[in-house]
Amino acid sequence: MKIYTDNRLLSAGLIGGTFSRHTGNMCDTQAQRPFYEQLGVPADNIAHFHQTHSDRLITITSNQDLQALQQTPLQDADAWLITAAHCGAAILTADCVPLFLWDSAGTMFALAHCGWKGVVQQLPYKTARALQQAGAHHIQGWLGPHIQSCCFEVQQDVAQQFSSSSIVHKQGKIFINLNTEILHQLQQAGLDTLQIKTPYYCTCGDAENFFSWRRDHIRQNLLSFIYKP
Ligand SMILES: [Zn+2]
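Residue numbers (the working numbering): 5 to 233.
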């Protein structure tokens, strides 16, 4: 079991990160359970949603909220905001950005599935604002493994939806730097971007460790999750 994470999450009293592909395809929530259990995380306390590349966020403020979610069919959404203990949530990616944001005190945290469509709909900005509005003061963040600018080639129709600072021109081709765009949005939301870590793990370029839709065109997903004991 190999997990990519940020030590500051643990310092904040949270458990979370992104699993490498060695754990297998995580599309099915049943497949995820043994890995939560190995980490001492109760699988029933991890919430799931149906991702649609939207800007919709679900908030969990209590254990009752979590139980209510677990008893209803999966809702459409792409970001979680959680302000209660013994609660957590998961997202699935295969090139999209798993965006982790949390208050350094660990009292509230967010996890967003940011594909390029979510990014252009300002999902990183909206998630950061929601966390602030819930009362977070000292927000830290980490961007899990995703497609980096080395591999994220786009056509003009996609590129024109991004700010010029996020566009990389190389050998007559156009690439997007999602890190730059997300950091820009988090800064717009008022976050200190020195507190946001963007390690360079490229899902598309590293077939040994990651699934990648862009590379393989197979529906296989990496699991990211966050949980407060
Ligand atoms: Zn790459």
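Positions of the beta carbon are idealized from the N, C-alpha and C atoms, including for glycine.
DSSP beta-bridge partners of residue i
i      : result
His173 : Ile178
Thr97  : Leu226
Ala83  : Leu61 and Ala116
Val158 : Ile178
Cys91  : Lys232
Ile200 : Gly145
Leu103 : Ala116 and Leu147
His26  : His26 pairs with nothing; no bridge assigned.
Ile19  : Tyr231
Ala51  : Ala93
Pairwise C-alpha distance: residue j and residue i
i      : j      : result
Ala89  : Gln160 : 44 Å
His52  : Trp120 : 21 Å
Leu227 : His188 : 25 Å
Gly17  : Ile186 : 25 Å
Phe39  : Met5   : 8 Å
Gln68  : Cys91  : 10 Å
Leu13  : Thr33  : 23 Å
Thr97  : Asn225 : 5 Å
Ala140 : Ser168 : 31 Å
Phe166 : Val172 : 11 Å
Ala35  : Phe215 : 16 Å
Ala83  : Ala193 : 16 Å
Gln175 : Thr202 : 25 Å
Gln164 : Gln136 : 30 Å
Asn11  : Gln42  : 19 Å
Leu70  : Thr63  : 9 Å
Pro233 : Ala138 : 19 Å
His221 : Asn29  : 14 Å
Val162 : Ser15  : 38 Å
Inter-residue CB distance, residue i and residue j (contact presumed, cutoff 8 Å)
i      : j      : result
Leu190 : Gly145 : 7 Å
Ile151 : Arg223 : Not quite, the Cβ-Cβ distance comes to about 16 Å (not below 8 Å), so this is no contact.
Cys31  : Asp99  : Not confirmed; about 15 Å, so no contact.
Ile230 : Ala93  : 6 Å
Gly20  : Thr9   : 6 Å
Contact set for residue i: own chain, Cβ-Cβ below 7 Å, skip 5 residues either direction
i      : result
His54  : Leu78, Gln79 and Asp80
Asn213 : Ser24 and Arg25
Val123 : Leu182, Glu185 and Ile186
Cys118 : Cys100, Val101, Leu103, Leu127, Pro128 and Ile186
Ser153 : Val172, Phe179, Ile180 and Asn181
Ile50  : Tyr40, Gly92, Ala93, Ala94, Phe229 and Tyr231
Asp210 : none
Thr65  : Thr87 and Ala88
His57  : Asp82, Gly119, Lys121 and Gly122
Cys155 : Cys206, Cys208, Gly209 and Arg218
Cutoff 8 Å; reference residue i; Cβ partners in own chain excluding five residues on either side
i      : result
Gln2   : Summary: the structure shown does not reach residue 2, with the chain confined to residues 5 through 233, and so no result is reported for it.
Asp196 : Ile143
Ser170 : Ile180, Asn181, Leu182, Thr184, Glu185 and His188
Arg37  : Ala47
Thr270 : With the chain covering only 5 through 233, there is no way to say anything about residue 270.
Val158 : Trp120, Ile178, Phe179 and Ile180
Tyr204 : Gln152
Thr131 : Leu61, Ala83, Leu85, Leu103, Leu105, Ala114 and Ala116
Spatial neighbours of residue i in its chain, beta-carbon cut-off 6 Å, leaving aside the 5 residues before and after
i      : result
Ala134 : Leu61 and Leu85
is_contact[residue i, chain C] using C-beta, thresh 9 Å
i      : result
His117 : Annotation note: the requested chain C is absent from the structure, which comprises a single protein chain.
Contact between the stretch 34 to 50 and the stretch 103 to 113 is defined here as three or more beta-carbon pairs at a separation below 8 Å; is this criterion met? no
Can at least three beta-carbon pairs, one atom from the stretch 175 to 182 and one from the stretch 145 to 159, be found at a separation below 8 Å? yes
Does the stretch 63 to 75 touch the stretch 94 to 104, meaning 3 or more C-beta pairs lie closer than 8 Å? no
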